[in-house]
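Visitor: Chains as they are written, first to last, in the UniProt record's numbering: chain A, 1 to 95; chain B, 1 to 541.
Just so you know, even glycine gets a beta-carbon here, dropped at the ideal spot from N, CA and C.
Take a look at the following structure, please.
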Amino acid sequence: MIILTGNDLKTGDVVWWTGDGWSRHVGHAVFVGSGEEPGGAAEIMHREEAARAVNGPYEVEATDEGAGPVPSHIKERMRAAGPSVRLDLGVQAEG
Amino acid sequence: MYQYDEYDQKMVETRVAEFRDQVERRLSGDLTEDQFTPLRLMNGLYLQLHAYMLRVAVPYGTLSAAQMRMLAQIARKYDKGYGHFTTRQNIQYNWIQLKDAPDILADLATVEMHAIQTSGNCIRNISSDQFAGVAKDEVCDPRPYAELLRQWSSFHPEFSYLPRKFKFAVIASAEDRAAMRLHDIGIEMVRNDADELGAKFFAGGGMGRTPMIGPCVREFVPADALISYSEAILRVYNRYGRRDNKYKARIKILVHELGIEEFRRQVEAEFAHMHPLDLDPPRAELTRIQAFFAPPAYEPLPDGFDDSDPDFKLWADANLHPHKVPGYAAATISLKPVGGIPGDASAEQMDLIADLAARYSMDEVRVTHAQNLVLPNVRQADLYALWQELDAAGLAPANLDLASDIIACPGLDYCSLANARSIPIAQKLAQRLAPVERDLGELKIKISGCINACGHHHAGHIGILGVDRKGVENYQLLLGGSGAEDVSLAKITGPGFDENGIVDAVETVTNLYRKRREDGERFVDTYRRLGMDPFKEALYG
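Spelled out as structure tokens, the structure:
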């Protein structure tokens with residue numbers, strides 16, 4: 001399944017598409033349809049980037065683990081949490 | 001050290017104003033990200049794994065105390081209280097906000113610093129020997145030549161859009177402390193039989209996915225032709241370097257494909273055309289620059305100091321380097337505490353180091369390509385007091401060039417290009433090997449989280465390359481590299497290991513070294529004598 005991510009233009013923060021905006025918490029992300037289908041990922045990303053609500057959005061494979069989406073690839077899990085060597089930094093530090 | 005003249009200062013301030021306007025236009029939507037990306041990269045601003053990352057240039061690794069204080073202030077005011085010193089002698093901040101970037105660059109400009117050409121396909125920060133100007137074994141101070149190259153290459157219109165990025169290193173000692181032959185152009189300042197000063201030019205070195213040791217292009221270029229010879233090499237590269245494939249675009253590929261003889265012929269032809277045009281700066285300009293690097297007012301002092309404190313002696317034995325002036329020493333501040341993050345320094349540590357530089361080192365700090373810092377001008381009589389203050393701040397690991405003095409790139413913890421984490425491997429290895437590192441002796445372990453090799457794994461006595469194997473981090477082990485004057489490229493042992501397996505594997509090869517070494521042999525010497533086979537046998541059976 002697909003979720004959407006990108007960076008906040010001003011702050012550079014990693015953000016995730018929630019259905020009506022962007023959140024720093026991957027747990028708030030929603031699954032979206034992939035590709036060019038109406039209301040799908042391509043349309044959302046195009047619209048949101050044009051509005052400067054997000055910078056460089058792209059699709060990420062994720063699974064539903066009950067408590068919200070979990071990115072499949074370690075790189076995206078790292079983006080979602082923060083550096084594994086500095087647990088005091090990033091979203092992971094916020095509990 | 002060099003001080004900006006009015007043109008330098010104006011140039012940097014103008015660039016700050018220009019970038020401020022570009023950022024405002026991006027934030028207002030007048031520029032798209034595609035339009036803005038090359039502009040921010042030219043100012044050292046990347047979009048990395050967690051946020052924007054700003055890479056600040058430290059020309060030839062030399063900083064004043066005031067500049068170090070500013071780096072601390074930026075870490076505290078705009079970032080998360082720390083910075084990361086890199087293998088290019090620069091510093092990176094990992095949590096920068098775009099809206100703050102112009103203010104940061106303005107702050108840097110107040111202490112004659114910038115982030116220009118720390119990214120992009122241009123000539124990057126010129127690196128050098130961290131002991132330049134104080135090393136006993138140098139033929140001259142290489143920094144005036146590095147500064148000359150910096151001025152020539154800054155905003156050079158012909159070389160702003162090269163086929164790929166381009167890195168210089170300039171040294172002036174037979175001992176190579178800057179991995180000089182692994183640069184696009186490596187320059188060793190030398191004296192010829194007539195005792196004239198000149199430059200030995202190497203070109204086409206590099207690491208990355210196709211590591212190469214730079215061959216010698218010319219044994220001796222007169223010092224006052226340094227710029228025109230560099231320009232001749234750059235012109236050949238700019239004309240014939242491959243722009244069709246970014247993986248084949250570095251000069252090393254051109255030199256390799258042409259062969260050094262044909263490459264040399266083309267460079268010499270270009271030089272023969274250019275040199276008579278009198279494009280080199282007048283000698284007076286070099287003299288002007290050299291005046292900034294005149295030796296400080298050293299006192300006449302005797303050699304020797306009290307090292308009766310055993311903990312201090314451990315540090316002094318490992319971290320001091322001979323100084324060309326009696327009674328002084330160059331002291332390396334290791335940024336490699338066991339279990340810490342290689343190259344990271346907190347704002348408080350940077351402030352302290354600035355204070356120590358002002359009090360003990362004639363106001364100077366150096367950054368090393370091994371991600372450590374140096375106080376180059378310490379009176380030997382002050383060493384014990386210096387060590388006590390460093391020790392109290394966690395800045396006195398006595399491990400220079402030992403197993404826990406590991407070079408590691410930011411890896412997947414910070415870098416969007418990385419395939420695997422580097423830092424946790426460095427931490428685990430340091431913890432595993434620190435208890436025996438004095439017995440192991442000089443051992444240079446270098447870790448990269450991807451094929452781009454920012455962690456110099458090709459040049460490690462023991463190198464580690466992190467790769468992505470079906471979404472799982474995997475680590476290849478390499479042996480036998482060196483970035484020093486005995487330069488060599490490490491070779492892969494065989495199949496890779498997981499996160500814990502790579503630590504066991506390194507211990508396996510170091511144990512074999514301890515069994516098989518002969519008197520005076522470093523790890524890399526034993527490897528070179530024995531070859532790969534016994535190490536493979538120990539690893540894979």
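Beta-carbon separation of R191 of chain B and V134 of chain B under 7 angstroms?
Guide: Position 191 of the second sequence holds residue 191 of chain B. Position 134 of the second sequence holds residue 134 of chain B. Contact: no.
Visitor: With 7 angstroms as the threshold, decide whether the Cβ of E24 of chain B is near any Cβ in chain A.
Guide: Your numbering for residue 24 of chain B matches position 24 in the second sequence. No, E24 of chain B does not count as interfacial toward chain A.
Visitor: Go ahead and pull the three-state DSSP assignment for L417 of chain B.
Guide: Locating residue 417 of chain B in the second sequence gives position 417, counting from the first residue. The answer is coil: DSSP assigns L417 of chain B none of H, G, I, E or B.
Visitor: Could you name the residues of the same chain whose beta carbon sits closer than 8 angstroms to that of L162 of chain B, not counting the 5 residues immediately before and after it, in chain order?
Guide: Position 162 of the second sequence, counted from the first residue, corresponds to residue 162 of chain B. If we look at L162 of chain B and ignore the five residues flanking it on each side, its Cβ neighbours are N121, C122, I123, L234, Y237, N238, G241.
Visitor: To the nearest whole angstrom, what separates the beta carbons of P69 of chain A and V26 of chain A, a pair I think is in contact under 8 angstroms?
Guide: For the purposes of this step, residue 69 of chain A is taken as the residue at position 69 of the first sequence. For the purposes of this step, residue 26 of chain A is taken as the residue at position 26 of the first sequence. Indeed, because the Cβ distance is near 6 angstroms, the residues count as touching under 8 angstroms.
Visitor: Can you check which of these residues, B:D519, B:V436, B:I116, B:C450, is closest to T510 of chain B by C-alpha distance?
Guide: Along the second sequence, read from residue 1 onward, the residue named residue 510 of chain B stands at position 510. Minimum Cα distance to T510 of chain B is reached at B:V436.
Visitor: What residues from chain A crowd round K80 of chain B, counting only those whose CB sits closer than 9 angstroms?
Guide: On the second sequence, residue 80 of chain B is found 80 positions in, with the first residue counted as 1. Near K80 of chain B (Cβ distances below 9 angstroms), the residues of chain A are R86, D88, L89.
Visitor: In this structure, how does DSSP classify A297 of chain B when only helix, strand and coil are distinguished?
Guide: Counted from its first residue, the second sequence places residue 297 of chain B at position 297. Reduced to three states, the DSSP call for A297 of chain B is coil.
Visitor: Mark N245 of chain B as exposed unless 16 or more other C-beta atoms lie within 10 angstroms of its C-beta, in which case mark it buried.
Guide: Counting from 1 along the second sequence, the entry for residue 245 of chain B is found at position 245. Exposed is the call here.
Visitor: Classify V472 of chain B as buried or exposed, calling it buried when 16 or more other Cβ atoms lie within 10 Å of its own Cβ.
Guide: Taking the first residue of the second sequence as 1, we reach residue 472 of chain B at position 472. Under this definition V472 of chain B is an exposed residue.
Visitor: Express the C-alpha separation of Q22 of chain B and M42 of chain B in angstroms, rounding to a whole number.
Guide: Taking the first residue of the second sequence as position 1, residue 42 of chain B is located at position 42. Taking the first residue of the second sequence as position 1, residue 22 of chain B is located at position 22. Distance between the alpha carbons of M42 of chain B and Q22 of chain B is about 12 angstroms.
Visitor: Can you give me the Cβ contacts of Y540 of chain B inside the same chain, cut-off strictly under 6 angstroms, excluding the 5 residues immediately before and after it?
Guide: Taking the first residue of the second sequence as position 1, residue 540 of chain B is located at position 540. Only G494 meet the Cβ criterion.
Visitor: Pair every Cβ in the stretch 417-435 of chain B with every Cβ in the stretch 379-390 of chain B, then say whether three or more of these pairs are closer than 8 angstroms.
Guide: no
Visitor: Measuring alpha carbon to alpha carbon, tell me which residue in B:Q117, B:V503, B:E33, B:G304 is nearest A51 of chain A.
Guide: Counting from 1 along the first sequence, the entry for residue 51 of chain A is found at position 51. In this structure, B:E33 is the residue among B:Q117, B:V503, B:E33, B:G304 with its C-alpha nearest to the C-alpha of A51 of chain A.
Visitor: Give me the chain A residues within the contact set of E103 of chain B, using Cβ-Cβ distance strictly less than 9 angstroms, ordered along the chain.
Guide: Counted from its first residue, the second sequence places residue 103 of chain B at position 103. Note on residue identity: the sequence assigns Asp, not Glu, to residue 103 of chain B. Within chain A, no C-beta atom comes less than 9 angstroms from the C-beta of D103 of chain B; the nearest is roughly 13 angstroms away.
Visitor: For a contact meaning CB atoms closer than 8 angstroms, what does Q4 of chain A contact in chain B?
Guide: Reading the first sequence from its first residue, position 4 is the one you call residue 4 of chain A. The question names Gln, yet the displayed sequence has Leu at residue 4 of chain A. Per Cβ cutoff of 8 angstroms: no residues; L4 of chain A is ~16 angstroms from chain B at best.
Visitor: Taking DSSP as the reference, what is the three-state secondary structure of N55 of chain A?
Guide: Mapped onto the first sequence, residue 55 of chain A falls at position 55. DSSP places N55 of chain A in strand when its eight states are reduced to three.
Visitor: Quick one: which chain A residues come within Cβ less than 9 angstroms of L465 of chain B?
Guide: As a position in the second sequence, residue 465 of chain B is number 465, starting the count at 1. Chain A residues near L465 of chain B: none, gap ~16 angstroms exceeds 9 angstroms.
Visitor: In the DSSP assignment, the alpha helix (DSSP H) including D504 of chain B goes from what residue to what residue?
Guide: As a first step, residue 504 of chain B is located in the second sequence; it is residue number 504 there, counting from the start. D504 of chain B: member of the alpha helix (DSSP H) spanning 499-516, first to last residue.
Visitor: For K446 of chain B, decide whether its Cβ has a neighbour in chain A, counting only Cβ atoms nearer than 7 angstroms.
Guide: Stepping through the second sequence from its first residue, residue 446 of chain B is reached at position 446. For K446 of chain B, the answer is no, since every Cβ of chain A falls outside 7 angstroms of its Cβ.
Visitor: When DSSP labels each residue in this structure, what does V170 of chain B get in the three-state scheme?
Guide: Stepping through the second sequence from its first residue, residue 170 of chain B is reached at position 170. In the three-state scheme derived from DSSP, where H, G and I count as helix and E and B as strand, V170 of chain B is classed as strand.
Visitor: Would you report the Cα separation of D309 of chain B and Y414 of chain B, rounded to the nearest angstrom?
Guide: Residue numbering aside, residue 309 of chain B sits at position 309 when the second sequence is read from its first letter. Residue numbering aside, residue 414 of chain B sits at position 414 when the second sequence is read from its first letter. Distance between the alpha carbons of D309 of chain B and Y414 of chain B: 40 angstroms.
Visitor: Which value, in whole angstroms, describes the spacing of the CA atoms of A294 of chain B and R15 of chain B?
Guide: The sequence position of residue 294 of chain B within the second sequence is 294, counting from 1. The sequence position of residue 15 of chain B within the second sequence is 15, counting from 1. Roughly 30 angstroms separates the two Cα atoms.
Visitor: Please report whether the beta-carbon of H73 of chain A lies at a distance below 7 angstroms from any beta-carbon of chain B.
Guide: Numbered from its first residue, the first sequence carries residue 73 of chain A at position 73. Cβ-Cβ to chain B under 7 angstroms: yes for H73 of chain A.
Visitor: What do you get for F85 of chain B, buried or exposed, if any count of 16 or more other CB atoms within 10 angstroms of its CB means buried?
Guide: Working through the second sequence from its first residue, we reach residue 85 of chain B at position 85. That one is buried.
Visitor: Determine, using beta carbons only, whether T63 of chain A comes closer than 7 angstroms to chain B.
Guide: Taking the first residue of the first sequence as 1, we reach residue 63 of chain A at position 63. For T63 of chain A, not one C-beta of chain B is nearer than 7 angstroms to its own C-beta.
Visitor: In angstroms, rounded to a whole number, what distance separates the CA positions of R40 of chain B and Y46 of chain B?
Guide: Working through the second sequence from its first residue, we reach residue 40 of chain B at position 40. Working through the second sequence from its first residue, we reach residue 46 of chain B at position 46. One C-alpha to the other measures close to 7 angstroms.
Visitor: Could you check which residue in A:D88, A:M78, A:V32 has the C-alpha nearest to that of Y58 of chain A?
Guide: The count along the first sequence starts at 1 and reaches residue 58 of chain A at position 58. Cα-wise, what sits closest to Y58 of chain A is A:V32.
Visitor: Below 8 angstroms, how does it come out for the stretch 358-374 of chain B and the stretch 78-94 of chain B: are there three or more Cβ pairs, yes or no?
Guide: Short answer: they touch.
Visitor: Since F201 of chain B is in the beta strand (DSSP E), which residue starts that stretch and which ends it?
Guide: The count along the second sequence starts at 1 and reaches residue 201 of chain B at position 201. Per DSSP, F201 of chain B belongs to the beta strand (DSSP E) from 197-203.
Visitor: How would you write the range of the beta strand (DSSP E) that V378 of chain B sits in, first residue to last?
Guide: Locating residue 378 of chain B in the second sequence gives position 378, counting from the first residue. First-last of the beta strand (DSSP E) with V378 of chain B: 373-379.
Visitor: Check for me: the beta strand (DSSP E) holding D344 of chain B runs from which residue to which?
Guide: As a position in the second sequence, residue 344 of chain B is number 344, starting the count at 1. That run of the beta strand (DSSP E) goes 344-346.
Visitor: Could you list the residues in the stretch 399-424 of chain B with a C-beta less than 7 angstroms from some C-beta on chain A, going in chain order?
Guide: Correct list: L412, D413, Y414, R421, I423, P424.
Visitor: Which term fits A17 of chain B, buried or exposed, when burial requires 16 or more other beta carbons within 10 angstroms of its beta carbon?
Guide: What you label residue 17 of chain B is simply residue 17 of the second sequence in a count that begins at 1. Result: exposed.
Visitor: Report buried or exposed for R143 of chain B, applying the criterion of at least 16 other Cβ atoms within 10 angstroms of its Cβ.
Guide: Within the second sequence, the letter at position 143 stands for residue 143 of chain B. When all chains shown are included, R143 of chain B counts as buried.
Visitor: With distances taken from CA atoms, which of A:V54, A:R24, A:G19 is nearest G39 of chain A?
Guide: For the purposes of this step, residue 39 of chain A is taken as residue 39 along the first sequence, with counting starting at 1. Nearest option by C-alpha distance: A:G19.
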